[in-house]
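Asks: Mind having a look at this structure? Questions to follow.
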Amino acid sequence: MAAETVADAVAAATEAAVASTADAVASASQAAAVPAEWPSVLNAVYWFIMVPMVYLAVVVLVLGLVGRLVAILRAPPQPYSLRLYPAAKRPAMAALRDTFTMPQVRKHAPAFWVFLMIYHAAFLLLILGHLDILPGLNIMPSDSKHMLGWGAVGVAVTLSTFYFMLRRFRGENRRISVPADYLLLLLLLFTFLFGDFMSWSNSWGRHGFVMTKQDFAAYFGSLARFTFTDPRAVLPFTKVVHTFFAVPINLLRRR
Amino acid sequence: MDEATSRKLKELFETKLNGTMRLYLDTCARCGVCVEACHAYASMPQTRYTAVGRAEVVRKVFKKYFRMEGKIAPWLGEVLTLEDLIVDQLYDAAYSCTGCRRCMTFCPFGIDTQMIMSIAKLLLIGADREPKLLSMLADMSIAKAETMEDTRASFEEAVRNLAPEVHERWPGVPGTDAVPVGVEGADVLYVALAGKHSIIPAAAIMNAAGEKWTLSYFEAVNFAAFVGDPKKMQAIARRIHDEAVRLKVKEVAIVECGTAFRVMKYMTGSHPFKVVAFVELIARYLREGRIRLDRTRLAGRLTYHDPCQIARNGGVIEEPRYVIRHLTDDFV
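The listed protein sequences correspond, in order, to chains A and B. If you're matching positions, the first sequence starts at 32 in this note's numbering and goes up one per residue. If you're matching positions, the second sequence starts at 9 in this note's numbering and goes up one per residue.
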């Protein structure tokens, strides 16, 4: 029953969102009117990225984390203390302080520390913003057009990640880095940039729009219910296409 | 390197993979904050002498043999195989690390590079590429315990010959040994280095304090800890442990060798006696008024640099300062 109620709510919200941006969508669709005519292989790729790959990523993450945790817990314990002195009076509190405020980095690399703190605080808000999509959680009003932070959170993680990437190209940091470090930052950077595009920067244009909290809720709702539905059934698809294709399409008229 | 050796080294590597080591090998983000931490890097500014540079040699081997990444996408982490060239890199990394653990105070995760270097050292021992001098000295230390009865008389005679030099510093009490050896029921077993320079001053101080002490037959330094052989390290420490138990002492005081102190106090399990650094003993004698120091003997301003193994890794921080304050009024 609850699922049906949520589904109804999601459907209604999606319908409302689509209707409210009909004009913009019509314009965008003209520019990117490709979905229906896409070759079936592109349809399949799109569906794979938006649905099964999401599940796959979650499964790999969970299995990987659990696997490593089990390996660590099953391994023999460290036979002697590795404590540094002067010893902390309250070791647990000291470990929490080290973890969340990184005083070692603040002391030895203050600029890096500033970006690290911004990044981690914003990332926390980012997770909170995505949890806000869950039914029953309303950090932002349920009819809000914006995610938590009105886009500022996305900008914060994007700029920080950009700094981390630049840092990797300098001096010893460049020499100690491996391809995985660049790949991870690139993936994060692109994820954040797409997030920024979808959640607010498209609204700068004359026919701009934003992907609203309701839009995201529709998509994640269908994933959470394991419907395996093509996301175009729940997302205002032309918006998504607009997001992904705005740059290459603009490039066509400039090149 | 043949396949049998490579397999043997992989098995040796696996013996070091306890829970803590797995965390250390999996966690590094290569943020580079530790780069400036290393003393070796300060004098030889090359990436291989940074804490992360050293650890990465081991970590890349770990990824190759113990992580899926090393099998399906080795280029991602630039993994390394156990070939001769890598053994050279391991040597460079392991034996240019002093084990001071300063890098731990820079790392946001607190990764202990010395721990990671213990893998490199064990692999080098497995490949028969460790510094042979250190291995020979470790073997000699173990052999000394095995031939103790054969050499006891000559050792005791050599120690008796030190008496005049001890008496130059402290006249002593007539009828007592300047350097007692093998005294059952003594309160303190003093473990010196293999040289009179570490026996005579300590003997004078303990005699002046009226301590009931005895000199260990063995030297404190643990060469197996330097070379990175955990079994031999335990065997060398065990000699002192067994001697202390046999003599029923309450305390074992270690000469001013930081590694010897740390190994005995923290890295060789629990003991039925207390382990102290000799400077702790001096501070105690001063507190209890058993000895006094002349503040006018040393001219000029004094300062103190904490030794890594005694202070950062051993927790003996205030006692040296307490002693110096009794030596001068100008301590900064």
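From the three backbone atoms N, C-alpha and C, an ideal C-beta is built for every residue, glycine too.
Strictly below 8 angstroms CB to CB, what residues from chain A border B/Val-60?
Replies: Here the neighbours are Ile-207.
Asks: If we ignore side chains and look at the alpha-carbon of each, how far apart do B/Val-340 and B/Arg-270 end up?
Replies: Cα to Cα, the separation comes out at about 27 angstroms.
Asks: So is A/Met-124 in contact with chain B if we call contact Cβ pairs under 7 angstroms?
Replies: Chain B contact via Cβ: absent.
Asks: Determine the extent of the alpha helix (DSSP H) in which B/Glu-259 is found, giving its start and end residues.
Replies: Looking at the DSSP string, B/Glu-259 is not in any alpha helix (DSSP H); the run it does join, the beta strand (DSSP E), is 259–262.
Asks: Please identify, using Cβ separations under 7 angstroms, the residues of the segment 187–213 of chain A that lie next to chain B, in order along the chain.
Replies: Answer set for the segment 187–213 of chain A: Glu-203, Asn-204, Arg-206, Ile-207, Ser-208, Val-209, Pro-210, Ala-211, Asp-212.
Asks: What does A/Val-136 reach in chain B if we use C-beta pairs closer than 7 angstroms?
Replies: The answer, in chain order, is Val-41, Pro-116.
Asks: Quick one: give me the first and last residue of the beta strand (DSSP E) that B/Tyr-99 is part of.
Replies: It is not in any beta strand (DSSP E) - B/Tyr-99 instead sits in the alpha helix (DSSP H) that spans 92–102.
Asks: Starting from the beta carbon of B/Asn-26, find every residue of chain A whose beta carbon is closer than 7 angstroms, and list them in chain order.
Replies: Here the neighbours are Ala-106, Pro-107, Pro-108, Gln-109.
Asks: Starting from the beta carbon of A/Pro-117, find every residue of chain B whose beta carbon is closer than 7 angstroms, and list them in chain order.
Replies: Neighbours of A/Pro-117 on chain B, chain order: Ile-325.
Asks: For A/Val-184 versus A/Ala-142, is the C-beta distance shorter than 7 angstroms?
Replies: Cβ atoms of A/Val-184 and A/Ala-142: not closer than 7 angstroms.
Asks: Would you mind telling me which residues of chain B sit closer than 7 angstroms to A/Met-133, beta carbon to beta carbon, in chain order?
Replies: Those within 7 angstroms of A/Met-133 in chain B are Pro-116.
Asks: Which value, in whole angstroms, describes the spacing of the CA atoms of B/Pro-179 and B/Leu-31?
Replies: Rounded to whole angstroms, B/Pro-179 to B/Leu-31 spans 56 angstroms at the Cα level.
Asks: Below 7 angstroms between beta carbons: does that hold for B/Leu-301 and B/His-279?
Replies: Taking 7 angstroms as the Cβ cut-off, B/Leu-301 and B/His-279 do not qualify as a contacting pair.
Asks: With 7 angstroms as the threshold, decide whether the Cβ of B/Leu-120 is near any Cβ in chain A.
Replies: As written in the sequence, residue 120 of chain B is Asp, which differs from the Leu given in the question. Taking Cβ atoms only, chain A reaches closer than 7 angstroms to B/Asp-120, which makes this a yes.
Asks: Please confirm if B/Glu-22 has its CB atom under 7 angstroms from at least one CB of chain A.
Replies: Answer no: the Cβ-Cβ gap between B/Glu-22 and chain A never drops below 7 angstroms.
Asks: Could you check the C-alpha separation between B/Pro-110 and B/Pro-315 for me, to the nearest Å?
Replies: Checking the sequence, you will find Arg at residue 110 of chain B rather than Pro. Whole-angstrom Cα-Cα distance: 11 angstroms.
Asks: Using the beta-carbon of each residue, which ones in chain A are nearer than 7 angstroms to B/Leu-31?
Replies: Simply Ile-103.
Asks: Following the continuous alpha helix (DSSP H) through A/Leu-219, name the residue where it begins and the one where it ends.
Replies: Taken as a continuous stretch (DSSP letters only), the alpha helix (DSSP H) holding A/Leu-219 covers 210–230.
Asks: So, using beta-carbon positions, are B/Thr-28 and A/Gln-109 closer together than 7 angstroms?
Replies: In contact: B/Thr-28 and A/Gln-109 (Cβ atoms closer than 7 angstroms).
Asks: At the 7 angstroms Cβ level, is A/His-139 part of the contact set with chain B, yes or no?
Replies: Closer than 7 angstroms: yes.
Asks: When you check each C-beta in the segment 66–86 of chain B against every C-beta of chain A, which residues fall closer than 7 angstroms?
Replies: Within the segment 66–86 of chain B, the qualifying residues are Trp-83, Leu-84, Gly-85, Glu-86.
Asks: What is the rounded straight-line gap between the Cα of B/Glu-77 and the Cα of B/Tyr-57?
Replies: Roughly 26 angstroms between the two C-alpha positions.
Asks: Report the rounded CA-to-CA distance for A/Leu-157 versus A/Gly-182, giving the unit in angstroms.
Replies: About 10 angstroms.
Asks: Taking all protein chains shown into account, do 16 or more other C-beta atoms lie within 10 angstroms of the C-beta of A/Ile-207, making it buried, or fewer, making it exposed?
Replies: Under this definition A/Ile-207 is a buried residue.
Asks: Give the interface partners of B/Tyr-274 over in chain A, defined as CB-CB distance under 8 angstroms, in chain order.
Replies: Under the 8 angstroms cutoff, chain A gives Tyr-111, Ser-112.
Asks: Output yes if chain A places a C-beta closer than 7 angstroms to the C-beta of B/Met-52; else output no.
Replies: False, the Cβ-Cβ gap to chain A never drops below 7 angstroms.
Asks: Within 10 angstroms of its Cβ, does A/Ala-64 collect 16 or more other Cβ (buried), or is it exposed?
Replies: In this prediction, A/Ala-64 scores a pLDDT of 39, lower than 50, which makes its location untrustworthy; the coordinate-derived value is nonetheless stated afterwards. It is exposed - the Cβ of A/Ala-64 has fewer than 16 other Cβ atoms within 10 Å.
Asks: Less than 7 angstroms between C-beta atoms, sequence neighbours within five positions excluded: which residues of the same chain meet that for B/Val-229?
Replies: If we look at B/Val-229 and ignore the five residues flanking it on each side, its Cβ neighbours are Leu-201, Cys-265, Ala-268.
Asks: Can you tell me where the beta strand (DSSP E) holding B/Lys-282 begins and where it ends?
Replies: That run of the beta strand (DSSP E) goes 282–285.
Asks: Taking the alpha helix (DSSP H) that B/Thr-159 belongs to, which residues open and close that run?
Replies: Its alpha helix (DSSP H) spans residues 156–168.
Asks: Among the candidates B/Arg-309, B/Phe-163, B/Tyr-330, whose CA atom is the shortest distance from the CA of B/Glu-296?
Replies: It is B/Tyr-330.
Asks: So B/Asp-237 contacts chain A; which residues on that side make the cut at Cβ distance below 8 angstroms?
Replies: Near B/Asp-237 there are no residues of chain A at all, since even the closest Cβ is about 15 angstroms away, more than 8 angstroms.
Asks: Just list the residues that DSSP pairs B/Tyr-4 with in beta bridges.
Replies: There is no way to answer for residue 4 of chain B, as the model of chain B reaches only from 9 to 340.
Asks: Can you give the beta carbon distance from B/Ala-319 to B/Gly-236, rounded, assuming they're within the 8 angstroms contact cut?
Replies: At roughly 23 angstroms, the Cβ-Cβ gap does not stay under 8 angstroms, so B/Ala-319 and B/Gly-236 are not in contact.
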